[in-house]
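K.L.:
The opening residue of the sequence shown carries number 565 in our numbering; numbering runs sequentially from there.
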Amino acid sequence: MPATKYQAITFETKNRIGIITMNQPERRNALSPEMRQDFLNLMPTLQYNSDLGAIILRGTDGVFCAGGDLKMFKTGFQGGEKGMKDVEEASALTGAFFDMINSYPKPVVMLAEGAAMAGGLGVACCCDVTIGMSDAKFGFSETRIGITPAQIARYVLQKCGYSTGRRLMVTAARFKGDEAGRLGVLDFVAEDADALAGLETKVKRDVLECAPGAVAACKALIIGMPATPDSEKVEFAATNFSGCLQGEEGKEGVASFVEKRKPNWHTEI
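#1: Per DSSP, which one or two residues make a beta bridge with methionine 586?
#2: Over the uninterrupted beta strand (DSSP E) stretch that includes alanine 754, give me the two end residues.
#3: What residues are listed by DSSP as bridge partners for phenylalanine 739?
#4: Answer yes or no: do methionine 789 and phenylalanine 800 have a C-beta to C-beta separation smaller than 9 Å?
#5: As a quick exercise: from Thr735, Leu610 and Asp742, pick the residue whose alpha carbon is nearest that of threonine 577.
#6: How many angstroms separate the CA atom of threonine 574 from the CA atom of threonine 624?
#7: Could you give the DSSP three-state label for glycine 632: helix, strand or coil?
#8: Could you have a look at leucine 616 and say whether DSSP puts it in helix, strand or coil?
#9: Which class does isoleucine 665 belong to by DSSP, given the choice of helix, strand or coil?
#10: In terms of residues, what are the limits of the alpha helix (DSSP H) holding isoleucine 787?
#11: Suppose you measure from the CA of cysteine 774 to the CA of histidine 830; what does that come to, to the nearest Å?
#12: Which residues in the same chain have their Cβ closer than 6 Å to the Cβ of proline 827, if we skip the five residues on either side of it in sequence?
#13: Can you give me the C-alpha to C-alpha distance between valine 673 and alanine 761, rounded to a whole angstrom?
#14: Check this for me: beta carbons of arginine 738 and lysine 701, under 9 Å apart or not?
#15: When the Cα atoms are used, what is the spatial distance from asparagine 605 to glutamine 588?
#16: Check each candidate in Phe752, Thr694, Ser614 and Phe628 and name the one with the smallest Cα separation from alanine 594.
#17: Locate the beta strand (DSSP E) running through valine 672, then write down its first and last residues.
#18: How many Å lie between aspartate 770 and glutamate 645 at the Cα?
#19: Is the beta carbon of isoleucine 584 sitting closer than 9 Å to the one on phenylalanine 603?
#20: Please state whether DSSP places valine 798 in a helix, a strand or coil.
#21: I'd like the list of long-range same chain contacts for glycine 814, defined as Cβ closer than 7 Å, with 5 residues on each side in sequence excluded.
#22: According to DSSP, is lysine 516 helix, strand or coil?
#23: Is it right to say glutamate 706 is buried, meaning 16 or more other beta carbons lie within 10 angstroms of its own, or is it exposed?
#24: Find the nearest neighbour of proline 634 within the set Ile665, Arg591 and Arg718, judged by alpha-carbon distance.
#25: For alanine 717 and alanine 680, what's the separation of their Cα atoms in angstroms?
#26: Could you tell me the alpha carbon to alpha carbon distance between alanine 567 and glutamine 601, rounded to whole angstroms?
#27: Out of curiosity, what's the CA-to-CA distance linking glycine 811 and alanine 780?
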């Protein structure tokens with residue numbers, strides 16, 4: 565399938581995998597308004613595509629993402645009520661972008677080369693699986709320039725844990741891929757391009773063995789459980805499980821297990 569044209573990204577599908585490439589190398593793939601809008605236009609159209617097993621996020625020209633595009637906040641320097649409102653609206657739109665990636669009902673896999681800084685690192689913390697090069701650069705630069713990692717903070721805490729995430733953001737920590745693996749930012753660390761490609765293939769094979777509907781339900785369970793009162797957690801989980809088991813995927817999955825065959829969603833790559 566040929567790549568789809570957008571302002572700041574490209575999109576293509578291959579073997580039930582959707583590949584989104586951030587494609588503004590002149591800005592080091594910063595999270596520009598155009599890029600955010602491209603994501604917000606594209607991803608909802610893929611949400612209910614049962615043929616799509618996962619999303620891969622990567623950057624063009626050997627860089628994942630240099631972070632937020634600070635130019636979009638320039639009206640905030642005007643001060644006053646209008647300046648404050650403009651900044652708040654821009655920040656809220658950025659927050660919606662991160663929430664969409666975090667809650668997207670399919671596995672989202674990040675491939676980090678070059679750098680994933682500030683908001684780019686926030687994108688990583690929203691993904692289900694993160695793979696990166698050992699020499700890639702990571703960092704939270706916000707407090708170094710007098711602002712906060714406001715919209716990414718909750719995703720950093722969920723990816724790295726409270727104590728580590730707090731330290732990394734407060735100190736504007738900078739680190740490379742090897743340390744990113746130890747910190748929990750990266751799930752897998754590659755030493756070279758061949759290793760990166762091998763890890764990508766392994767993860768794609770894993771996700772393509774999973775039922776798309778069950779993955780969506782699993783993500784809803786993971787995201788919804790912390791906000792569910794303790795007294796309702798058992799019922800919440802039971803409803804989630806029952807919906808899957810009684811659905812078409814549950815019936816097919818159980819049948820394929822009993823009959824010792826691959827389920828109908830399994831795809832070889």
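The beta-carbon is built from N, C-alpha and C at its ideal position, and this holds for glycine as well.
Model, not experiment: these values are computed from the prediction.
P.N.:
Straight from the coordinates:
#1: Counting from one through the sequence shown, the residue named residue 586 turns up at place 22. DSSP lists Ile573 and Gly623 as partners of methionine 586.
#2: The count along the sequence shown starts at 1 and reaches residue 754 at position 190. Alanine 754 -> beta strand (DSSP E) spans 752–754.
#3: Here residue 739 corresponds to residue number 175 of the sequence shown, with the count starting at 1. Phe702, per the DSSP bridge assignment.
#4: Working through the sequence shown from its first residue, we reach residue 789 at position 225. Working through the sequence shown from its first residue, we reach residue 800 at position 236. In this structure, phenylalanine 800 lies closer than 9 Å to methionine 789 by Cβ.
#5: The residue you call residue 577 lines up with position 13 of the sequence shown. Cα-wise, what sits closest to threonine 577 is Leu610.
#6: Residue mapping note: residue 574 aligns to position 10 of the sequence shown, counting from 1. Residue mapping note: residue 624 aligns to position 60 of the sequence shown, counting from 1. Straight-line Cα distance between these residues: approximately 10 Å.
#7: Here residue 632 refers to the residue found at position 68 of the sequence shown. In the structure shown, glycine 632 sits in a strand (DSSP, three-state: E or B).
#8: Taking the sequence shown and counting its residues from 1, the one referred to as residue 616 is at position 52. Of the three classes helix, strand and coil, the one that applies to leucine 616 here is coil, per DSSP.
#9: Here residue 665 refers to the residue found at position 101 of the sequence shown. Note: isoleucine 665 maps to helix in three-state DSSP.
#10: On the sequence shown, position 223 is the one that residue 787 refers to. Run containing isoleucine 787: 776–788, per the alpha helix (DSSP H) assignment.
#11: Residue mapping note: residue 774 aligns to position 210 of the sequence shown, counting from 1. Residue mapping note: residue 830 aligns to position 266 of the sequence shown, counting from 1. Their Cα atoms are separated by approximately 7 Å.
#12: The count along the sequence shown starts at 1 and reaches residue 827 at position 263. Hits under 6 Å: Glu816, Gly817 and Ser820.
#13: Within the sequence shown, the letter at position 109 stands for residue 673. Within the sequence shown, the letter at position 197 stands for residue 761. Cα to Cα, valine 673 sits roughly 13 Å from alanine 761.
#14: Within the sequence shown, numbered from 1, the residue matching residue 738 stands at position 174. Within the sequence shown, numbered from 1, the residue matching residue 701 stands at position 137. Yes, the pair counts as a contact, with Cβ atoms nearer than the cut-off.
#15: The residue you call residue 605 lines up with position 41 of the sequence shown. The residue you call residue 588 lines up with position 24 of the sequence shown. Taking the straight line joining both Cα atoms gives about 17 Å.
#16: Counting from 1 along the sequence shown, the entry for residue 594 is found at position 30. Cα-wise, what sits closest to alanine 594 is Phe628.
#17: Position 108 of the sequence shown, counted from the first residue, corresponds to residue 672. Looking at the DSSP string, the run of the beta strand (DSSP E) that includes valine 672 is 672–676.
#18: Along the sequence shown, read from residue 1 onward, the residue named residue 770 stands at position 206. Along the sequence shown, read from residue 1 onward, the residue named residue 645 stands at position 81. Each residue's Cα considered, the two are about 50 Å apart.
#19: Within the sequence shown, numbered from 1, the residue matching residue 584 stands at position 20. Within the sequence shown, numbered from 1, the residue matching residue 603 stands at position 39. Closer than 9 Å, so yes.
#20: Your numbering for residue 798 matches position 234 in the sequence shown. Three-state result, valine 798: helix.
#21: In the sequence shown, counting from the first residue as 1, residue 814 sits at position 250. Hits under 7 Å: Cys808.
#22: With the chain represented from 565 up to 833, any question about residue 516 goes unanswered, as that position is not in the structure.
#23: Position 142 of the sequence shown, counted from the first residue, corresponds to residue 706. Buried, because 16 or more other Cβ atoms sit within 10 Å of the Cβ of glutamate 706.
#24: What you label residue 634 is simply residue 70 of the sequence shown in a count that begins at 1. Note on identity: in this sequence residue 634 is leucine, with proline being the wrong assignment. The candidate whose alpha carbon is nearest that of leucine 634 is Arg591.
#25: Walking along the sequence shown from the start, residue 717 turns up at place 153. Walking along the sequence shown from the start, residue 680 turns up at place 116. Their Cα atoms are separated by approximately 15 Å.
#26: The count along the sequence shown starts at 1 and reaches residue 567 at position 3. The count along the sequence shown starts at 1 and reaches residue 601 at position 37. Bear in mind that the predicted position of alanine 567 carries a pLDDT of just 49, short of 50, making it unreliable; the figure below should be weighed with that in mind. Distance between the alpha carbons of alanine 567 and glutamine 601: 18 Å.
#27: For the purposes of this step, residue 811 is taken as the residue at position 247 of the sequence shown. For the purposes of this step, residue 780 is taken as the residue at position 216 of the sequence shown. Taking the straight line from one Cα to the other gives about 13 Å.
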